[in-house]
Amino acid sequence: MKSKMNQLCADQRSVHVLYSYNEMKNYIEQAVSYIQEGVTVGDYILFIENERIYSLIHQELSTLLTKDQMAFVHHVNNFDFYYSSGSYHPPAIVDYFNKTVQKYVENKIPFRSWAHVEWASMKDPLHIIKDLEKVIDKAVNLLSFPLICAYQGEKMPDYLKTILMETHPYVLMEDDFIVSEQYQPVIEQQ
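Rendered as structure tokens:
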């Protein structure tokens, strides 16, 4: 990941990546690398993750980053983020996101984000994910920031995999970083 993806983040700010992971050890390594690289180049990090996994990542980061560098990392509980309205509701998620990044955008402070999307079960209507991912892809391009959307690969039904490949221009699967051939950019209607 470090070479290709972090180079891409350095070369162009608008980077929207689907990260399909299976092993938690690799997931933590990828997250730590992404955060560490971001902090090193002066980006603030908006890290959307559950408390249990974030504590493991925080523990690892605290051995690699100084206290001042750790101040660049802003953790948001992913359950609060995705279910702030009581259900997975894209307009509420977008509103929560906009409020969270407002200070960075208004003050022209560079930031990057990582969002771990997870469910206890895959019974939520998956088509609404496509709506959200399209809005997020548009925001990545408009606000010019790198974003990784992490999904556990083995829990994704084929229908969801297709949606995610269509809404993310880049894909990270463990250590393989590729351009999505299925990506369909959002076209503005006149």
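Note that my numbering numbers the sequence shown so that position 6 is 1100, with each residue one more than the last.
Cβ coordinates follow ideal geometry from the N, Cα and C atoms, glycine included.
None of the values given here were measured: they were computed from a predicted structure.
Reduced DSSP secondary structure (H/G/I, E/B, other) of residue i
| i | result |
| --- | --- |
| His1210 | strand |
| Tyr1264 | strand |
| Ile1230 | helix |
| Ile1281 | coil |
| Ile1151 | helix |
| Ser1127 | helix |
| Lys1096 | Confidence in Lys1096 is poor, its pLDDT being 49 and thus under 50, which makes the residue's placement unreliable; the coordinate value appears in the next sentence. Helix, per DSSP. |
| Gly1180 | coil |
| Glu1248 | helix |
| Asn1201 | coil |
Which residues DSSP lists as bridging residue i, in chain order
| i | result |
| --- | --- |
| Cys1243 | Leu1112 and Ala1209 |
| Ile1142 | Val1170 and Ala1209 |
| Phe1191 | DSSP output for Phe1191 lists no bridge partner at all. |
| Asp1270 | Met1267 |
Short Cβ contact (8 angstroms threshold) for residue i with residue j
| i | j | result |
| --- | --- | --- |
| His1168 | Ile1139 | yes |
| Val1229 | Val1188 | yes |
| Leu1155 | Ile1129 | yes |
| Asn1144 | Gly1247 | no |
| Thr1194 | Val1211 | no |
| Val1133 | Leu1159 | yes |
| Ala1244 | Ala1209 | yes |
| Tyr1190 | Ile1222 | no |
C-alpha gap between residue i and residue j, whole angstroms
| i | j | result |
| --- | --- | --- |
| Asn1235 | Met1267 | 22 angstroms |
| Asp1270 | Tyr1113 | 10 angstroms |
| Gln1153 | Pro1240 | 23 angstroms |
| Ala1165 | Asp1137 | 11 angstroms |
| Met1095 | Pro1185 | Here the model assigns Met1095 a pLDDT of 45, short of 50, so the residue's position is not dependable and the matter cannot be decided. |
| His1262 | Thr1256 | 10 angstroms |
| Gln1284 | Tyr1277 | Because the pLDDT of Gln1284 is 40, which lies under 50, any placement of that residue in the model is unreliable, and the number read from its coordinates should be weighed accordingly. If you take the alpha carbons of Gln1284 and Tyr1277, they lie about 22 angstroms apart. |
| Val1135 | Pro1204 | 9 angstroms |
| Val1280 | Gln1163 | 35 angstroms |
Nearest-angstrom Cβ-Cβ length linking residue i and residue j, presumed shorter than 8 angstroms
| i | j | result |
| --- | --- | --- |
| Ile1142 | Asn1172 | 5 angstroms |
| Tyr1264 | Val1109 | 6 angstroms |
| Leu1254 | Leu1220 | 5 angstroms |
| Arg1107 | Ser1238 | 4 angstroms |
heavy atom of the ligand MG below 7 angstroms from residue i C-beta
| i | result |
| --- | --- |
| Ser1274 | The ligand MG is absent from the structure shown, which contains no ligand whatsoever. |
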